[in-house]
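Worksheet: the structure to be examined is printed underneath.
Residue numbers (our numbering): 1 to 563.
Below you can see the structure in the form of C-alpha cells.
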C-alpha cells in the first residue's frame with residue numbers, strides 16, 4: 001500500500017466521491033458525442049481522411065492543380081473511398097507520404113469509415129468512441145499505481161472534466177486514442193513489475209507495440225518505462241517495494257530479472273516495428289517536409305505562453321489568446337498546484353509511486369525539450385506532443401488530493417475538497433465553452449475558416465484562385481467543407497514567380513486570391529487592371545479580393561479525380 005492513508009479510506013467518503021465521479025462520467029460521455037460537426041474540419045483531419053482513403057496530397061495536386069476549374073465537390077472527392085484502392089494501398093501510400101503517423105489508428109478508422117461513411121461527424125465519432133476508454137484505463141492505472149479505489153474515482157472525476165481530453169476526443173486524429181494506450185501500457189507495466197511472469201510481460205509488449213504503431217512519441221513513454229524498471233531493480237529509496245524508510249531519493253540502475261524481461265519485451269516491440277522503420281528510413285524527404293516546421297524556433301515570450309497554456313489544459317482551457325492577461329489568473333495557480341503536487345508526491349509517496357510519475361513526465365519532456373535546446377525548434381510547445389506529460393501531472397494532482405482527502409488533519413481534508421470542487425467547476429466550464437464554440441485553438445491553420453467561408457459565400461458568383469504550394473491544397477479542402485456547392489475554384493500548379501493566367505471564366509463577379517504570393521498578386525493587379533483589397537488575414541492565411549475584370553470564357557479541363 002502507499003502508506004499515505006489511502007488504504008484506509010472512510011466508506012462514506014468513497015461513496016460520495018464515486019457518486020460525483022459517475023455523474024461527471026455521464027456528462028463527459030455526452031459531451032464527447034455532442035456537436036461533432038460544429039467545428040471546422042481542419043487541415044490535419046482532412047489529411048486523416050486522405051490517408052484512410054489512400055488518396056494523399058500528391059495525387060490530388062497532380063490531378064487537380066493543373067489550371068483546372070473545379071467546384072468544392074471535386075476537392076471533397078479526395079475524402080471519399082474508391083473501390084480500386086485497398087488497405088495495402090493505404091499502408092504503402094501512408095508510409096511514403098505521411099510516415100510520421102504510424103498506421104494502427106488509421107487502419108481502425110478505415111474499417112469504421114467503410115461501414116459508416118467519411119462525413120466529419122462520423123470520423124470524429126470514432127475518436128470519441130475510443131476516447132471513452134480513457135476512464136477505465138485511468139482507473140486501472142490508479143489501482144496499480146496507488147492501490148486505491150479512491151484515487152481511481154478522483155482521477156475519473158478530473159479526467160471527465162479535463163478540456164484537453166475532450167478536445168482530442170473530438171478530433172479525427174490518433175492522439176486521444178494514444179492517450180488511452182499510454183495509460184494501458186503503464187498499467188500493464190506496473191502489473192508486470194508486480195507479478196513478473198511471461199504472460200504479463202507479453203501483454204505489456206503487445207500494448208507497447210500498439211502504442212508505437214499509433215504514435216512515434218511512444219518512444220518517450222518507453223524510455224520512461226525503462227528508467228522506471230531500472231530504478232525498481234536498483235532500489236529507489238523510500239520503500240521501492242513498499243514501506244517508507246527514509247534516506248535519499250536517488251536510485252542506482254541494476255540489471256535484474258525485471259530489467260532483462262523489459263529489455264526482451266522492448267526488443268520484440270522493436271522487431272515488430274521494423275516494417276514501419278523501413279518506411280521511416282526510405283521516406284526521409286517526406287518526413288522532413290512534414291515535420292520541418294517543428295525545427296523553427298519561436299520567440300521566447302511566445303514559447304513561455306504556449307508552455308503555460310499547454311501544461312494547464314489538463315484542467316482549464318477557454319481558448320484564450322496569449323495576450324489575455326485575465327486567463328493567467330487561472331493558469332498560474334494551476335501550474336503552481338501541479339508543481340506542488342509533484343513536490344508532495346516525491347516527498348511523501350513510496351519510491352515505486354513517485355518514480356513512475358517522474359519518469360513518465362520527464363522522459364517525454366526531455367525527448368522534446370533537448371532537441372529544441374540543442375538545435376532550436378518548437379517541439380516542446382506543441383500540445384499534442386506533450387500529452388503524456390499532461391497525464392503525468394494530472395496523476396500527481398490525483399495523488400495529492402487523494403492523500404489530503406483522507407488526511408487526519410481536518411484542514412487538509414477540507415482544503416482538498418475545496419480544490420477538487422474548484423477543479424471540477426473550472427473543467428466543466430471549460431468543456432461547456434468548448435462544446436458551444438465554432439472553432440478552437442487546436443484547429444490552428446484553419447481555426448478561422450468559418451469567417452472566411454462566410455465572406456466568400458455571401459459574395460456574388462465567387463471565384464477562388466489557389467495554387468499547390470505547401471499545405472494550402474489540404475487547407476483548401478478544409479475550406480471546401482464550408483463553401484456553397486456552386487463556388488468555383490481555379491487551381492494552379494505552384495506559381496512561384498510565374499503568372500500563367502490568360503483569362504478568367506465568364507459569369508464571375510468576385511475573385512479571391514487564396515494564399516498566393518505577393519509577386520503573383522502584383523502581377524494579377526497589373527494584368528486585370530483591378531485593385532485588390534485584403535479581405536481576410538490571420539496568422540496562417542491571407543486572402544485578397546477584387547471585382548472580376550471583363551474576360552473571355554475559360555474552357556477548363558473537367559476535374560476527374562483519379563486514384
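Glycine is no exception: its CB is placed at the ideal position from the N, C-alpha and C atoms. Since we're looking at a predicted model, the values are computed, not measured.
Of all the options the options, which has the alpha carbon lying nearest to the alpha carbon of residue i?
{"i": "residue 530", "options": "536, 369, 512, 98", "result": "512"}
{"i": "residue 359", "options": "523, 500, 229, 271", "result": "229"}
{"i": "residue 187", "options": "214, 161, 147, 166", "result": "147"}
{"i": "residue 150", "options": "497, 464, 400", "result": "400"}
{"i": "residue 182", "options": "166, 220, 172, 475", "result": "220"}
{"i": "residue 143", "options": "184, 72, 527", "result": "184"}
{"i": "residue 441", "options": "459, 514, 321, 546", "result": "321"}
{"i": "residue 104", "options": "451, 273, 403, 542", "result": "273"}
{"i": "residue 435", "options": "13, 29, 455, 297", "result": "29"}
{"i": "residue 126", "options": "137, 135, 257, 114", "result": "114"}
{"i": "residue 90", "options": "53, 102, 121", "result": "53"}
{"i": "residue 117", "options": "79, 137, 152", "result": "79"}
{"i": "residue 200", "options": "416, 326, 265, 168", "result": "265"}
{"i": "residue 267", "options": "256, 226, 98", "result": "226"}
{"i": "residue 488", "options": "474, 514, 95", "result": "514"}
{"i": "residue 51", "options": "34, 96, 353, 469", "result": "96"}
{"i": "residue 521", "options": "466, 356, 507", "result": "466"}
Buried or exposed for residue i, please, with buried defined as at least 16 other CB atoms from any protein chain shown within 10 angstroms of its CB.
{"i": "residue 319", "result": "buried"}
{"i": "residue 92", "result": "exposed"}
{"i": "residue 39", "result": "buried"}
{"i": "residue 443", "result": "buried"}
{"i": "residue 614", "result": "The structure shown does not extend to residue 614, since the chain is modelled only from 1 to 563, so the question has no answer here."}
{"i": "residue 198", "result": "exposed"}
{"i": "residue 195", "result": "exposed"}
{"i": "residue 309", "result": "buried"}
{"i": "residue 340", "result": "exposed"}
{"i": "residue 62", "result": "exposed"}
{"i": "residue 544", "result": "buried"}
{"i": "residue 124", "result": "buried"}
{"i": "residue 168", "result": "buried"}
{"i": "residue 302", "result": "exposed"}
{"i": "residue 312", "result": "buried"}
{"i": "residue 425", "result": "exposed"}
{"i": "residue 26", "result": "exposed"}
{"i": "residue 453", "result": "buried"}
{"i": "residue 408", "result": "exposed"}
{"i": "residue 278", "result": "exposed"}
{"i": "residue 292", "result": "exposed"}
{"i": "residue 500", "result": "exposed"}
{"i": "residue 483", "result": "buried"}
DSSP beta-bridge partners for residue i?
{"i": "residue 317", "result": "In DSSP, residue 317 forms no bridge with anything."}
{"i": "residue 70", "result": "489"}
Specify the secondary structure class of residue i as computed by DSSP and reduced to three states.
{"i": "residue 542", "result": "strand"}
{"i": "residue 79", "result": "helix"}
{"i": "residue 371", "result": "helix"}
{"i": "residue 243", "result": "Low per-residue confidence applies at residue 243: pLDDT is 43, beneath 50, and the placement is therefore not dependable enough to give any value."}
{"i": "residue 466", "result": "strand"}
{"i": "residue 535", "result": "strand"}
{"i": "residue 508", "result": "coil"}
{"i": "residue 237", "result": "Unreliable placement is indicated for residue 237, whose pLDDT of 47 sits below 50; the coordinate value is still reported in the next sentence. The answer is coil: DSSP assigns residue 237 none of H, G, I, E or B."}
{"i": "residue 484", "result": "coil"}
{"i": "residue 514", "result": "strand"}
{"i": "residue 547", "result": "strand"}
{"i": "residue 294", "result": "helix"}
{"i": "residue 442", "result": "helix"}
{"i": "residue 284", "result": "helix"}
{"i": "residue 215", "result": "coil"}
{"i": "residue 41", "result": "coil"}
{"i": "residue 312", "result": "coil"}
{"i": "residue 226", "result": "helix"}
{"i": "residue 380", "result": "helix"}
{"i": "residue 450", "result": "helix"}
{"i": "residue 392", "result": "helix"}
{"i": "residue 496", "result": "coil"}
{"i": "residue 530", "result": "coil"}
{"i": "residue 52", "result": "helix"}
{"i": "residue 348", "result": "helix"}
{"i": "residue 356", "result": "helix"}
Would you verify that the beta carbon of residue i is, or is not, closer than 8 Å to some beta carbon of chain D?
{"i": "residue 344", "result": "Among the protein chains of the structure shown there is no chain D, as only one such chain exists."}
Complete alpha helix (DSSP H) runs within the stretch 133–207 (minimum length 4 residues, chain order): Within the stretch 133–207, the complete alpha helix (DSSP H) runs of at least 4 residues are 134–146, 149–160, 163–169, 175–194.
Minimum length 4: unbroken alpha helix (DSSP H) runs contained in the stretch 402–439: 410–436
Uninterrupted alpha helix (DSSP H) stretches inside the stretch 82–131 (no shorter than 4 residues): 87–97, 104–116, 120–131
3 or more residues per run - each beta strand (DSSP E) lying fully within the stretch 8–36: none
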